[in-house]
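Peer 1: Counting from 1, one number per residue, gives the positions in the sequence shown under the UniProt record's numbering. One structure is given below, represented as structure tokens, and several questions about it will come after.
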Amino acid sequence: MRRVNGTALIIAALVATLGAIAFPVWSYADRSGTGPANLAAGSVPTRWGPLSAADRDLLVKVRLAGLWEIPAGQQAVERAPTEAVKEAGDHLIVGHTDLDRRVRSAAAQLGVELPSQPTAQQRGWLQELTDASGETYQRKFANLLRASHGKVFAVIAQVRDSTRNSLVRQLATDSNQTVLDHITMLEATGLVDFDGIANGAATSTASPTGPPPPSGATPPAPSPAGPSGDVSTTSRPSPLPPGRIETGRPEPQM
């Protein structure tokens, strides 16, 4: 009997010890400041599933995109000297007119307030386009819009992957298809500065972890940087002539 009681006490002590160790792990996800806790705190229930802060941010970004890209597209159709840029502008008008209708419908059902004016930065981009003309205008148009679409592409994909709201999921799907179409049309103009885009992305990403260059391959010598940090067009082949337009790297507002 004493042996049995002793064994029971040992087992009880072990269970208590394991419970004390495991409890912080079980309860960690519910602690304030953790990812799951922040997600829960920023989400509200809807009939289509929880609506997170990231979901609401996507709705606002899609609306803002239409508020400046529709006027930019209309300007391109009216002013661009080449058909390729006019066609890209037409795709902006058609795509964002449709997306704007969809996002306003989703926001009304989800109770999300949407902006009615572009941001100050977006108004600045529109003014840049208004002040330019000819070839300068075309290059500004292609690169401003391409950089903006490229940055928001990853944002849409992230929301599409993680959202628990079916309305937002469908909007993200529609937005992804529209943004890819616009990227394709802008690149088809032949005016996009891919070196500038790559260099801009490289400054905000970690070192690559992919496979090394092929054996025996000689990496290209780095091109000298210009005053703004972009690679100079005078030392490498480029679709842009010397004196290309520096558009900067727009924030992800589509």
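Beta carbons: idealized from backbone N, C-alpha and C, even for Gly.
1. Leaving out the 5 sequence neighbours to the left and right, which residues in its chain are closer than 8 Å to ILE70 when beta-carbon positions are compared?
2. State the beta-bridge partners of residue 255 as determined by DSSP.
3. In angstroms, rounded to a whole number, what distance separates the CA positions of VAL103 and ASP193?
4. For ASP55, which residues from the same chain have a beta carbon less than 6 Å from its beta carbon, with the 5 sequence-adjacent residues on both sides left out?
5. Just to confirm, is the Cβ distance from ARG63 to LEU114 under 9 Å?
6. CB-CB under 6 Å to ILE10, same chain, minus the five flanking residues each way: which ones, in chain order?
7. DSSP three-state label for SER148, please.
8. Quick check on ASN165: does DSSP put it in helix, strand or coil?
9. Express the C-alpha separation of VAL155 and ALA212 in angstroms, rounding to a whole number.
10. Who are the Cβ neighbours of LYS86 in its own chain at under 7 Å, not counting the five residues just before and after it?
Peer 2: Judging by the given coordinates:
1. LEU92, ILE93, HIS96, THR97 and ASP100
2. Outside the displayed span of the chain (1 to 254) sits residue 255, for which this structure offers no information.
3. 31 Å
4. THR163, ASN165 and VAL168
5. yes
6. none
7. helix
8. coil
9. According to the sequence provided, residue 212 is Pro. The question's Ala does not apply to it. Looking at the two C-alpha atoms, the distance is approximately 28 Å.
10. ALA76, VAL77 and ALA80
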